[in-house]
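Using my numbering, the letters of the sequence shown correspond one by one to residues 53 to 147. See below for the structure under consideration.
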Amino acid sequence: AVCTRSSDSPLTSIDFPHPIAYLTSGVDMYTVSTVSGHQSVAIVPVQSIRRSCHLIPRFGKHIDRTLSTEDSLNRCRKFYISDFSDLYAYQFFND
Numbered sequence: 053a054v055c056t057r058s059s060d061s062p063l064t065s066i067d068f069p070h071p072i073a074y075l076t077s078g079v080d081m082y083t084v085s086t087v088s089g090h091q092s093v094a095i096v097p098v099q100s101i102r103r104s105c106h107l108i109p110r111f112g113k114h115i116d117r118t119l120s121t122e123d124s125l126n127r128c129r130k131f132y133i134s135d136f137s138d139l140y141a142y143q144f145f146n147d
């Protein structure tokens, strides 16, 4: 693929989990997951990013005590999207 840039805006990469988030009953939080540990990646201008999201690993019945903040995105397969990270996230997910 050929990439051309029409501006001098800095670029960054964004990881997108699959499938699109779905509402999980019982916890009323959206869940996202990776497919076989892989995610899609896009290169986007930094100025096009509107906000970040807070992901919480979905542990299941047991919590892996060896997880750290540095490796949880690579080692976990399912995450909740926190709608309590700030007021705007709460309004977005609860409207």
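Every residue, glycine too, gets a C-beta built ideally from N, C-alpha and C. Computed from a predicted structure; not experimentally measured.
With a 10 Å radius around the Cβ and a threshold of 16 neighbouring Cβ atoms, Phe131 comes out buried.
By the Cβ neighbour-count rule, Ile95 is exposed, with fewer than 16 other Cβ atoms within 10 Å of its own. If you check the CB distance, Ile133 and Leu107 come in under 8 angstroms.
In the DSSP annotation of this structure, Ser134 is not part of any alpha helix (DSSP H), being labelled neither H nor E. With contacts defined as CB atoms closer than 8 angstroms, Arg103 and Tyr142 fail to qualify as a contacting pair. Each residue's CA atom was taken as its position, placing Ser100 and Asp116 some 35 angstroms apart.
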